[in-house]
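Only one structure is covered here, and it is reproduced in the block below.
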């Protein structure tokens, strides 16, 4: 079973709103990732967690705040986003770092 | 820095025919992994196939196979007996042996005609 789930599927928010994206996996994976993907472009890595600790932050603006409360769950807290942040946000997980990544279905975010 | 190039922005194939998607990469590493991911209109990225650079044998998964040419730094994907459900964006990706990051190509849109 290589299932990664993400909620919500779609999200519309204003620039002053605070919202959160959720990612969950029950495969016992200890590495989790957030990617941002614009239409017809490859995914861009944002954050990497390993054993619930932030391992990589790809110079992402502070209006994006990741959180890994336990080994199965990864959140992305959003605050004061800009319209250019509208994109598909993909979560992925792997057994450990440097292993094959499996992706969730994504959350399509629209910032108005 | 490693780079991945997919030179075909779009490809078309007739149902039941065979199509090959190209991918080249640049690296100075000797051990690494290569991947093909498929992203249909539903937008979920699905792992199609994986190749370890130290393995000479080309990976195969059902109708999907790769032609891995390490010296030429080439990693093409062959889809046999194409089906309508194969229509998607295909991304080639590279990862160093102990790396945390996937380096993606720009993607190839595959259209399947009935």
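Chains as they are written, first to last, in the working numbering: chain A, 169 to 280; chain B, 14 to 127.
Every residue gets a Cβ at the ideal spot worked out from N, C-alpha and C, and that includes glycine.
#1: Is the beta carbon of residue 17/B less than 8 Å from the beta carbon of residue 116/B?
#2: Can you tell which of 98/B, 109/B, 30/B, 108/B has the C-alpha that lies nearest to the C-alpha of residue 51/B?
#3: How far does the beta strand (DSSP E) with residue 228/A in it reach, from first residue to last?
#4: Can you grab the Cα-Cα spacing for the pair residue 45/B / residue 63/B, in whole Å?
#5: Please confirm whether residue 186/A and residue 247/A have their CB atoms less than 8 Å apart.
#6: For residue 114/B, which residues in chain A fall below 7 Å Cβ to Cβ?
#7: List the residues of chain A whose Cβ lies closer than 9 Å to the Cβ of residue 56/B, in chain order.
#8: Which chain E residues are close to residue 117/B, counting only those with a beta carbon under 7 Å from its beta carbon?
#9: Going along chain A in order, which residues have a C-beta closer than 9 Å to the C-beta of residue 60/B?
#10: If you reduce the DSSP assignment to three classes, tell me which class residue 265/A lands in.
#11: Thinking C-beta only, is residue 251/A closer than 8 Å to residue 243/A?
#12: Helix, strand or coil: how does DSSP classify residue 234/A here?
#13: Need the endpoints of the beta strand (DSSP E) that residue 97/B sits in, please.
Quick look at the numbers:
#1: By one-based count along the second chain, residue 17/B stands at place 4. By one-based count along the second chain, residue 116/B stands at place 103. For residue 17/B and residue 116/B, yes; Cβs fall inside 8 Å.
#2: Counting from one through the second chain, the residue named residue 51/B turns up at place 38. Comparing Cα-Cα distances from residue 51/B to each of 98/B, 109/B, 30/B, 108/B, the minimum goes to 98/B.
#3: As a working mapping, residue 228/A is identified with position 60 in the first chain. That residue, residue 228/A, is in no beta strand (DSSP E); it is neither H nor E in DSSP.
#4: Position 32 of the second chain holds residue 45/B. Position 50 of the second chain holds residue 63/B. One C-alpha to the other measures close to 11 Å.
#5: Sequence index remark: in the first chain, residue 186/A carries index 18 (1-based). Sequence index remark: in the first chain, residue 247/A carries index 79 (1-based). Inclusion of residue 186/A and residue 247/A in the CB contact set at 8 Å is warranted, their separation being smaller than that value.
#6: Indexing the second chain from 1 puts residue 114/B at position 101. From the beta-carbon of residue 114/B, the residues of chain A found nearer than 7 Å are 213.
#7: What you label residue 56/B is simply residue 43 of the second chain in a count that begins at 1. Result: 205, 256, 258, 273, 274, 276.
#8: No chain E appears in this structure, whose protein chains are A and B.
#9: What you label residue 60/B is simply residue 47 of the second chain in a count that begins at 1. Identification of chain A residues near residue 60/B by a Cβ-Cβ cut-off of 9 Å yields 170, 268, 269, 270, 271, ordered along the chain.
#10: Here residue 265/A is taken as the residue at index 97 of the first chain, counted from 1. Three-state result, residue 265/A: coil.
#11: Residue numbering aside, residue 243/A sits at position 75 when the first chain is read from its first letter. Residue numbering aside, residue 251/A sits at position 83 when the first chain is read from its first letter. Result no, Cβ atoms of residue 243/A and residue 251/A do not sit closer than 8 Å.
#12: Along the first chain, one-based indexing puts residue 234/A at 66. Strand, per DSSP.
#13: Residue numbering aside, residue 97/B sits at position 84 when the second chain is read from its first letter. In the DSSP assignment, residue 97/B falls outside any beta strand (DSSP E), carrying neither H nor E.
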